[in-house]
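Comments concern the structure below.
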Amino acid sequence: MFEARLVQCSMLKKVLEAIKELLNEATFDCSDAGIQLQAMDNSHVSLVSLNLRSDGFDKYRCDRNLSMGINLASMTKIMKCAGNDDVLTIKAQDNADNVMFMFESQNQEKVSDYDMKLINLDQEHLGIPETDYSCIIKMPSGEFARICRDLSQFGESVVISCTKEGVKFSAAGDVGAANIKLAQTANVDKEEEAVTIEMQEPVTLTFACRYLNSFTKATALSPQVQLSMSADVPLVVEYKIGDFGHIRYYLAPKIEE
Amino acid sequence: MSGQKKLSSFFKTV
Numbered sequence: 001m002f003e004a005r006l007v008q009c010s011m012l013k014k015v016l017e018a019i020k021e022l023l024n025e026a027t028f029d030c031s032d033a034g035i036q037l038q039a040m041d042n043s044h045v046s047l048v049s050l051n052l053r054s055d056g057f058d059k060y061r062c063d064r065n066l067s068m069g070i071n072l073a074s075m076t077k078i079m080k081c082a083g084n085d086d087v088l089t090i091k092a093q094d095n096a097d098n099v100m101f102m103f104e105s106q107n108q109e110k111v112s113d114y115d116m117k118l119i120n121l122d123q124e125h126l127g128i129p130e131t132d133y134s135c136i137i138k139m140p141s142g143e144f145a146r147i148c149r150d151l152s153q154f155g156e157s158v159v160i161s162c163t164k165e166g167v168k169f170s171a172a173g174d175v176g177a178a179n180i181k182l183a184q185t186a187n188v189d190k191e192e193e194a195v196t197i198e199m200q201e202p203v204t205l206t207f208a209c210r211y212l213n214s215f216t217k218a219t220a221l222s223p224q225v226q227l228s229m230s231a232d233v234p235l236v237v238e239y240k241i242g243d244f245g246h247i248r249y250y251l252a253p254k255i256e257e
Numbered sequence: 258m259s260g261q262k263k264l265s266s267f268f269k270t271v
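If you read the protein sequences in the order shown, they are chains A and B. Going by my numbering, the residue at position 187 of the first sequence is 187; the numbering climbs one at a time, nothing skipped. Just add 257 to the spot in the second sequence (first one is 1) and you have my numbering.
Here it is as structure tokens:
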């Protein structure tokens, strides 16, 4: 038996929003520790890694490990039926071929349940090694979304260049060239408005804009985003999810030919 | 996409 209760189902709506542009379907692996998901986009250039710890839920029970293959378009249809303030309960029997989503209004006067068929997915699972990154940039997630959106007008690729002075995002194409430089913030009132850089070595890497833009669909989950970079390895874009855990996106770099 | 690496170049399937 699997059962997870979430007093405000808006978190799950935001998670779904953050993954459905990159993935058509995904396996949600449920265990005593929580819910995890790892899946690559169709082109195998980017990967989504989601971790929601069981202690973040208002109630959580998972007697046996359960892998739920879910069509994300179907799940989106169901989650659209929930109000942001509804209490959500997800339930599945062991070895079930369906999962139930139950939404209760705050005053408990309206209760809806939606049963969704699970699908069998044969997804590749990648082992991601622990890495000490040369540069770790923390910045407001809204600012990162804005930069990705603005630069995607100029080219298909963004060059991210990090030194101890700051981080530079550049794009170039038919229209011309664009450069956005962010310095570390000296002092800010609110922690979430800060730009901080931890640098061991300067790094410059090139990435496809459209994936970065897809990652920014997670902006609503966290006021800050963390970019981790080392030479010639995938970029990690991480958004913390309150008391639950995180969503991380990995993106393979483009190599100049 | 020219020059676009795939994740399999960096991470092994487990």
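The beta carbon of each residue, even a glycine, is placed where N, CA and C say it ideally should be.
{"Asked": "For D150 (chain A), name the three-state secondary structure that DSSP assigns.", "Found": "helix"}
{"Asked": "Between A:E201, A:C81, A:M116, which lies nearest to K110 (chain A) when the distance is taken from Cα to Cα?", "Found": "A:C81"}
{"Asked": "Give me the DSSP bridge partner(s) of T163 (chain A).", "Found": "None; T163 (chain A) has no bridge partner."}
{"Asked": "Chain B beta carbons: is any one of them nearer than 8 Å to that of Y249 (chain A)?", "Found": "no"}
{"Asked": "Do the CB positions of A148 (chain A) and L205 (chain A) come within less than 8 Å of each other?", "Found": "Per the sequence presented here, residue 148 (chain A) reads as Cys, with Ala not at that position. Cβ distance not < 8 Å, so C148 (chain A) and L205 (chain A) don't count as in contact."}
{"Asked": "State yes or no: is the C-beta of C9 (chain A) within less than 8 Å of the C-beta of L66 (chain A)?", "Found": "no"}
{"Asked": "Tell me the DSSP secondary structure of N120 (chain A) in three-state form.", "Found": "coil"}
{"Asked": "Cβ atoms of A183 (chain A) and S170 (chain A): under 8 Å apart, would you say?", "Found": "no"}
{"Asked": "Could you tell me which of A:E165, A:D174, A:L12, A:E143 sits nearest to E156 (chain A), measuring between CA atoms?", "Found": "A:D174"}
{"Asked": "Mind pulling the chain B residues with CB within less than 7 Å of M40 (chain A)?", "Found": "L264"}
{"Asked": "Would you mind telling me which residues of chain B sit closer than 7 Å to V45 (chain A), beta carbon to beta carbon, in chain order?", "Found": "Q261, K263, L264"}
{"Asked": "Leaving out five residues on either side along the sequence, give the residues of the same chain with a beta carbon under 7 Å from the beta carbon of L23 (chain A).", "Found": "A39, D41, V48, L72"}
{"Asked": "Taking 7 Å as the limit between beta carbons, can you name the residues of its chain near Y133 (chain A), skipping five residues before and five after?", "Found": "S228, M229, S230"}
{"Asked": "For E25 (chain A), which option in A:K217, A:K117, A:S222, A:L126 has the closest C-alpha, if you only look at C-alpha atoms?", "Found": "A:K117"}
{"Asked": "In the DSSP assignment, find the unbroken beta strand (DSSP E) run with N24 (chain A) in it and report its ends.", "Found": "Counting along the chain, N24 (chain A) falls outside any beta strand (DSSP E), and DSSP gives it neither H nor E."}
{"Asked": "Tell me, please, which residues DSSP counts as bridged to Y133 (chain A).", "Found": "Beta-bridge pairing links Y133 (chain A) to no other residue."}
{"Asked": "List the endpoints of the continuous beta strand (DSSP E) containing V15 (chain A).", "Found": "Careful: V15 (chain A) lies outside any beta strand (DSSP E), inside the alpha helix (DSSP H) at 10-19."}
{"Asked": "Which parts of the region 200-238 of chain A are runs of the beta strand (DSSP E), unbroken and 3 residues or longer, counting only runs that do not cross its ends?", "Found": "203-208, 224-229"}
{"Asked": "For E256 (chain A), name the three-state secondary structure that DSSP assigns.", "Found": "coil"}
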